[in-house]
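Numbering-wise, the working numbering puts 50 at position 50 of the sequence shown, and it's gapless, one number per residue. All C-beta atoms in this analysis are idealised placements derived from N, C-alpha and C, irrespective of residue type, glycine included.
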Amino acid sequence: MHTVIFGNGHLGQAIAAAIAASGAPAPRVLGRPDGAGHRQASLAGCQLAFEASRGDAVAGNVAAALGAGCRAFIIGTTGWEQDRSAVERALIDHGAAAVAAPNFSLGVAAFLRVVETAARLFGALEDVDPFVVELHRRGKADRPSGTAREIARRLLAGDPDRTRIAQPVGGPASRDALEVVSVRAGSAPGMHLVGFDGPGETVELRLTARDRSAYAAGALAAAAWLGRAQRAAGLHAFDAVVDDLLPADFADPGKRRAVAALAG
Ligand SMILES: NC(=O)c1ccc[n+]([C@@H]2O[C@H](COP(=O)([O-])OP(=O)(O)OC[C@H]3O[C@@H](n4cnc5c(N)ncnc54)[C@H](OP(=O)(O)O)[C@@H]3O)[C@@H](O)[C@H]2O)c1
């Protein structure tokens with residue numbers, strides 16, 4: 001398998017280390033290109049590409065790899081929402097498939113499902129406000145983190161009273177907005193805190209990354225999922241990979257129905 005990693009930073013290096021530890025052939029790790037984009041020569045023969053660079057580089061990097069014949073992508077980069085439909089169209093046009101997620105940690109995937117359950121439980125109680133705090137190293141390019149936005153999306157989906165993320169302006173909290181606070185300091189690889197504050201008590205769910213190995217392990221699990229069967233062209237969520245790894249009763253409701261139907 002001829003593998004390319006776009007991005008020679010923290011995540012790209014962690015994925016390269018995980019590939020080396022698995023005994024697979026060493027990937028080609030590409031940093032920021034000198035000119036407008038990556039040269040086709042550096043992508044020749046690419047069969048699998050990991051995207052771990054910057055949000056504004058994702059569409060160009062995917063297009064370059066598609067042009068070189070690559071048809072399997074794992075997109076871990078965050079901050080490219082504005083290019084999402086163009087990237088998906090390019091993948092479909094080329095018959096290529098990608099798994100894309102702001103966080104490839106399997107522990108985080110399980111955490112997100114705990115958050116969904118908690119949102120439903122606390123959403124049913126009177127006068128409980130959910131909130132999110134995230135802490136990352138000072139140099140992280142985007143805020144809130146992609147994981148914080150995914151946590152917020154799931155909290156909002158389970159809360160009929162809140163419809164949006166609060167904007168960072170002064171004054172008291174608005175009852176229809178979810179407070180999401182980003183802290184950028186030091187070298188922390190990532191901490192997300194989901195709180196539910198009600199009369200007389202606060203419940204906190206905390207997720208702390210110690211290093212980036214969990215992201216790399218999940219990215220490789222996503223690559224294995226892509227390679228295990230013929231996948232539809234376009235973008236796939238990491239949840240599809242996670243559902244394959246979890247017992248059916250923990251998988252999403254659609255998957256549970258499918259399993260039940262198969263069981264007759
Ligand atoms: N999905 C996940 O599990 C997960 C986990 C961790 C991080 N992330 C995301 O992954 C991305 C990378 O994170 P990181 O911590 O590795 O950041 P990082 O340390 O800043 O590394 C990004 C690297 O990509 C390089 N780069 C810039 N443009 C490029 C291009 N066109 N092609 C190839 N490389 C390019 C950057 O070079 P310059 O320094 O010259 O800009 C930098 O070396 C971020 O979006 C982050 O939020 C996702």
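>> Tell me which residues share the same chain as Arg162 and place their Cβ nearer than 7 Å to its Cβ, disregarding the 5 neighbours each side in the sequence.
In response: Along the sequence shown, read from residue 1 onward, the residue named residue 162 stands at position 162. Cβ within range, chain order: Leu156, Asp176, Ala177 and Leu178.
> What does DSSP give as the partner residues of Leu11 in its beta bridges?
Replying inline: Walking along the sequence shown from the start, residue 11 turns up at place 11. For Leu11, which the question treats as bridged, DSSP gives no partner whatsoever.
> Quick one: what's Met191 bridged to in DSSP?
Replying inline: Numbered from 1 along the sequence shown, position 191 holds the residue referred to as residue 191. DSSP lists Leu135 and Thr208 as the beta-bridge partner residues of Met191.
> Bridge partners of Phe50, per DSSP?
Replying inline: Looking up residue 50 in the sequence shown gives position 50. Paired residue(s): Ile5 and Ile74.
> How big is the Cα-Cα spacing for Ala49 and Ala222?
Replying inline: On the sequence shown, residue 49 is found 49 positions in, with the first residue counted as 1. On the sequence shown, residue 222 is found 222 positions in, with the first residue counted as 1. If you take the alpha carbons of Ala49 and Ala222, they lie about 12 Å apart.
> By DSSP, does Val62 sit in helix, in strand, or in coil?
Replying inline: Within the sequence shown, residue 62 is the residue found at index 62, counting from 1. In the three-state DSSP reduction, Val62 falls in the helix class (H, G or I).
> Which first and last residues belong to the alpha helix (DSSP H) in which Ser85 is found?
Replying inline: The residue given as residue 85 occupies position 85 in the sequence shown. From DSSP, the alpha helix (DSSP H) with Ser85 extends over Arg84 to Asp93.
> When the Cα atoms are used, what is the spatial distance from Arg54 to Met191?
Replying inline: Against the sequence shown, residue 54 aligns to sequence position 54. Against the sequence shown, residue 191 aligns to sequence position 191. Cα-Cα distance, rounded: 20 Å.
> Among all the DSSP beta bridges, which residues are the ones paired with Ile278?
Replying inline: In the structure as shown, the chain begins at 1 and stops at 264. Residue 278 is therefore absent and cannot be evaluated.
> Is the Cβ-Cβ distance between Gly198 and Asp127 less than 8 Å?
Replying inline: For this step, residue 198 is matched to residue 198 along the sequence shown. For this step, residue 127 is matched to residue 127 along the sequence shown. Yes; because the gap between Cβ atoms is below 8 Å, this pair is in contact.
>> Taking a contact to mean a Cβ-Cβ separation below 8 Å, would you say Ser42 touches Leu30 in this structure?
In response: The count along the sequence shown starts at 1 and reaches residue 42 at position 42. The count along the sequence shown starts at 1 and reaches residue 30 at position 30. Yes; because the gap between Cβ atoms is below 8 Å, this pair is in contact.
>> Suppose you measure from the CA of Ala52 to the CA of Phe104; what does that come to, to the nearest Å?
In response: If you number the sequence shown from 1, residue 52 lands on position 52. If you number the sequence shown from 1, residue 104 lands on position 104. Rounded to the nearest whole angstrom, the CA to CA distance from Ala52 to Phe104 is 12 Å.
>> Out of Ala72, Asn8 and Val4, which one is the CA nearest neighbour of Gln40?
In response: Counting from 1 along the sequence shown, the entry for residue 40 is found at position 40. The shortest C-alpha separation from Gln40 is found at Val4.
> On the premise that Ala63 lies in contact with Ala90, defined as a C-beta separation below 8 Å, what is that separation, rounded to the nearest angstrom?
Replying inline: One-based indexing of the sequence shown puts residue 90 at position 90. One-based indexing of the sequence shown puts residue 63 at position 63. That belief holds up - the Cβ atoms of Ala90 and Ala63 are roughly 6 Å apart, short of 8 Å.
>> Let me check understanding here. Comparing Cα to Cα, which of Ala216, Ser145 and Val183 lies closest to Ala18?
In response: Numbered from 1 along the sequence shown, position 18 holds the residue referred to as residue 18. For the set Ala216, Ser145 and Val183, the Cα lying nearest the Cα of Ala18 is the one of Ala216.
>> When you measure from the CB of Ala101 to every non-hydrogen atom of ligand 1, does any distance come out below 7 Å?
In response: Numbered from its first residue, the sequence shown carries residue 101 at position 101. Checking the Cβ of Ala101 against ligand 1 gives yes.
> With respect to the alpha helix (DSSP H) encompassing Ala97, which residues constitute its N-terminal and C-terminal limits?
Replying inline: Taking the sequence shown and counting its residues from 1, one reaches residue 97 at position 97. For Ala97, no alpha helix (DSSP H) run applies; the uninterrupted beta strand (DSSP E) run containing it begins and ends at Ala97 to Ala100, by DSSP.
>> To the nearest angstrom, how far is the alpha carbon of Phe6 from that of Ala16?
In response: The residue you call residue 6 lines up with position 6 of the sequence shown. The residue you call residue 16 lines up with position 16 of the sequence shown. Put simply, the backbone Cα of Phe6 is about 11 Å away from that of Ala16.
> Taking Cβ positions, are Leu220 and Val115 nearer each other than 8 Å?
Replying inline: As a first step, residue 220 must be located in the sequence shown, where it is residue number 220. As a first step, residue 115 must be located in the sequence shown, where it is residue number 115. At the C-beta level, Leu220 and Val115 stay beyond 8 Å of one another.
> Buried or exposed: where does Gly171 fall if 16 or more other Cβ atoms within 10 Å of its Cβ makes it buried?
Replying inline: Within the sequence shown, residue 171 is the residue found at index 171, counting from 1. That one is exposed.
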